[in-house]
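Chains as they are written, first to last, in the UniProt record's numbering: chain A, 1 to 260; chain B, 1 to 260.
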């Protein structure tokens, strides 16, 4: 097997609205799905409130733990947007309105003859030594400070920012993922043999997830989704075949997901 | 203003499938929404992989930090379900198959003449001194260890388990939440006055969230969602009225959410 290079990421979601349950986060999934094909695996995610000390502590823990950290939320113009100041504090850097960021914001608002108010200028506050991240949706940039990428919380803006930073990320070996679904298969039926298969294949990670899908009112389709992940394509294929065989032997029709 | 009692919770989502982006988590939102009316506020959430040391560290950090911890995921019958053992390790407790848990599982499977395999017995492994949590969907129980509630990852099962533990939770003062939407309102227009309003009302927490909703292909409705939260109902009402006035003064139609 060829050498593999492991590259890791942590995601930090910042915002009371996610913790209160008012907003369903979409960014963890979209960031993880964006990074996977680059060979960057998310190893931890945290959600913290709009409290400076909490943000600082999480940023400093995560940037020491993972190769990259991606934060979302709290970079708008209102009083509750404290992420930029918190990142500066985490790095022990100064922060002020920066000419290049302000120029981008002024140019953006000029197009629609919208005044750049004092609060909009706040969005040009960038920690010392950071590089900017383009925002193709609303103009105001995100920024990269060391290995920490600070992005917007609105999923469409976050997505645009990811596109802008992809080329700055040094990827690793891609972890491939394939899966087999067995409708009506229950985890307990396959668990023992699956455990043996996992022991025999330490370089493939096998996960088992029951599903209960309400097809229509009162009618539930249940089954088990068996997911295998590995950096070794051939080992992965062998395990997927073996899982499909196990499902078949138990009397269920294995549905193998197309290769991803 | 009456005395308020602050009660906090942390949520720990356990599972590679959430971190890989394969599964969109629904449990953080459902747990937060379940706890809010009980006067319990989620102050932090973490997502960790199926790695014992990571789970142990997160459980021990969070149970010291919050009044209650709610974990989801990793309590099924397969080899990748390591949450029960990890919780036992975090508390320094022994763990073994427990008669009461096994009886529940046997009774459940007996109804459908399903054999209780060795791997299904694993689901009766409960850390010493824990009390059980009913699972109305698939039988195998969750458990409470000290201030930590260990629940299933499947959202429907997690929901059922929350119902079972509600009466065990000592709630606090309920944080009320109300909001005003302004279609076409942009954050930058209202930011300064909103900041002043926040300064004048320290016992109300005001958040501002831009939205971009694709109404149909290519047609986006944008605006700003202004959310106020407080344990003081009258202060909250005053702030909501003041926000609605600000939105109106700026020339937009405020849409006040019905009281919650």
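Cβ atoms here follow ideal geometry from the backbone N, Cα and C, with glycine treated the same way.
Could you tell me which residues DSSP pairs with residue i in its beta bridges?
{"i": "residue 39 of chain A", "result": "Per DSSP, none; premise fails for residue 39 of chain A."}
{"i": "residue 225 of chain B", "result": "B:181, B:209"}
{"i": "residue 143 of chain B", "result": "B:132, B:150"}
{"i": "residue 91 of chain A", "result": "Answer by DSSP bridge pairing: none, since residue 91 of chain A is not bridged."}
{"i": "residue 14 of chain B", "result": "B:48"}
{"i": "residue 7 of chain A", "result": "A:40"}
{"i": "residue 233 of chain B", "result": "Its beta-bridge partners do not exist; DSSP assigns none."}
{"i": "residue 70 of chain A", "result": "A:11, A:149"}
{"i": "residue 220 of chain B", "result": "B:214"}
{"i": "residue 96 of chain A", "result": "A:126"}
{"i": "residue 255 of chain A", "result": "A:181"}
{"i": "residue 290 of chain B", "result": "This structure gives no information on residue 290 of chain B, because the portion of chain B shown stretches from 1 to 260."}
Count the other CB atoms, across all protein chains shown, that sit within 10 Å of the CB of residue i; report buried if there are 16 or more and exposed otherwise.
{"i": "residue 24 of chain A", "result": "exposed"}
{"i": "residue 181 of chain A", "result": "buried"}
{"i": "residue 12 of chain B", "result": "buried"}
{"i": "residue 248 of chain A", "result": "exposed"}
{"i": "residue 190 of chain B", "result": "buried"}
{"i": "residue 242 of chain A", "result": "buried"}
{"i": "residue 141 of chain A", "result": "buried"}
{"i": "residue 10 of chain A", "result": "buried"}
{"i": "residue 127 of chain A", "result": "buried"}
{"i": "residue 154 of chain A", "result": "buried"}
{"i": "residue 120 of chain B", "result": "buried"}
{"i": "residue 1 of chain B", "result": "Below a pLDDT of 50, predicted positions are generally treated as unreliable, and residue 1 of chain B, at 49, falls in that range; no measurement from the model is reported."}
{"i": "residue 229 of chain B", "result": "buried"}
{"i": "residue 59 of chain A", "result": "buried"}
{"i": "residue 55 of chain B", "result": "buried"}
{"i": "residue 50 of chain A", "result": "buried"}
{"i": "residue 167 of chain A", "result": "exposed"}
{"i": "residue 234 of chain A", "result": "exposed"}
{"i": "residue 257 of chain A", "result": "exposed"}
{"i": "residue 223 of chain B", "result": "buried"}
{"i": "residue 36 of chain A", "result": "buried"}
{"i": "residue 80 of chain A", "result": "buried"}
{"i": "residue 221 of chain A", "result": "exposed"}
{"i": "residue 19 of chain B", "result": "buried"}
{"i": "residue 101 of chain A", "result": "buried"}
Is the Cβ-Cβ distance between residue i and residue j less than 7 angstroms?
{"i": "residue 6 of chain B", "j": "residue 251 of chain B", "result": "no"}
{"i": "residue 175 of chain A", "j": "residue 4 of chain A", "result": "no"}
{"i": "residue 122 of chain B", "j": "residue 77 of chain B", "result": "yes"}
{"i": "residue 209 of chain B", "j": "residue 253 of chain A", "result": "no"}
{"i": "residue 66 of chain B", "j": "residue 8 of chain B", "result": "yes"}
{"i": "residue 207 of chain B", "j": "residue 227 of chain B", "result": "yes"}
{"i": "residue 196 of chain A", "j": "residue 69 of chain A", "result": "no"}
{"i": "residue 261 of chain A", "j": "residue 75 of chain A", "result": "Within the shown structure, residues of chain A are numbered from 1 to 260, placing residue 261 of chain A beyond reach of any answer."}
{"i": "residue 118 of chain B", "j": "residue 82 of chain B", "result": "no"}
{"i": "residue 71 of chain B", "j": "residue 150 of chain B", "result": "yes"}
{"i": "residue 213 of chain B", "j": "residue 164 of chain B", "result": "no"}
{"i": "residue 193 of chain A", "j": "residue 246 of chain A", "result": "yes"}
{"i": "residue 31 of chain A", "j": "residue 73 of chain A", "result": "no"}
{"i": "residue 106 of chain A", "j": "residue 116 of chain A", "result": "yes"}
{"i": "residue 29 of chain A", "j": "residue 21 of chain B", "result": "yes"}
Does any heavy atom of the ligand ADP sit closer than 6 angstroms to the C-beta of residue i?
{"i": "residue 138 of chain B", "result": "What this structure holds is no ligand at all, so the ligand ADP is not there to describe."}
Would you mind telling me which residues of chain A sit closer than 9 angstroms to residue i, beta carbon to beta carbon, in chain order?
{"i": "residue 212 of chain B", "result": "137, 138, 154, 155, 156, 157"}
Quick one: list the residues of chain B neighbouring residue i, beta-carbon separation under 9 angstroms, in chain order.
{"i": "residue 21 of chain A", "result": "28, 29, 30, 31, 32, 33, 34, 35, 36, 42"}
{"i": "residue 47 of chain A", "result": "11, 28, 42, 44, 45, 46, 47"}
{"i": "residue 227 of chain A", "result": "16, 17, 20, 22"}
What residues from chain B crowd round residue i, counting only those whose CB sits closer than 8 angstroms?
{"i": "residue 194 of chain A", "result": "78, 79"}
{"i": "residue 117 of chain A", "result": "188, 189, 191, 192"}
{"i": "residue 198 of chain A", "result": "79, 80"}
Below 7 angstroms on C-beta distance, what does residue i contact in chain B?
{"i": "residue 264 of chain A", "result": "No information on residue 264 of chain A is available, as it lies outside the stretch 1 to 260 that chain A covers here."}
{"i": "residue 84 of chain A", "result": "Chain B residues near residue 84 of chain A: none, gap ~14 angstroms exceeds 7 angstroms."}
{"i": "residue 120 of chain A", "result": "188"}
Just the chain A side, please: which residues come within less than 8 angstroms of residue i by C-beta, in chain order?
{"i": "residue 177 of chain B", "result": "20, 22"}
Are the C-beta of residue i and some C-beta of chain D separated by less than 7 angstroms?
{"i": "residue 224 of chain B", "result": "This model lacks chain D altogether, as its protein chains are A and B."}
If you pair each beta-carbon of the segment 182–189 of chain B with each one of the segment 154–162 of chain B, do three or more pairs fall below 8 angstroms? No, the segment 182–189 of chain B is not in contact with the segment 154–162 of chain B.
Would you be able to state if there are at least three C-beta pairs under 8 angstroms between the segment 84–98 of chain A and the segment 186–206 of chain B? The segment 186–206 of chain B and the segment 84–98 of chain A do not touch, with fewer than 3 CB-CB distances between them shorter than 8 angstroms.
Segment contact, 8 angstroms Cβ cut-off, at least three pairs: the segment 42–53 of chain A with the segment 30–44 of chain B: Touching, yes.
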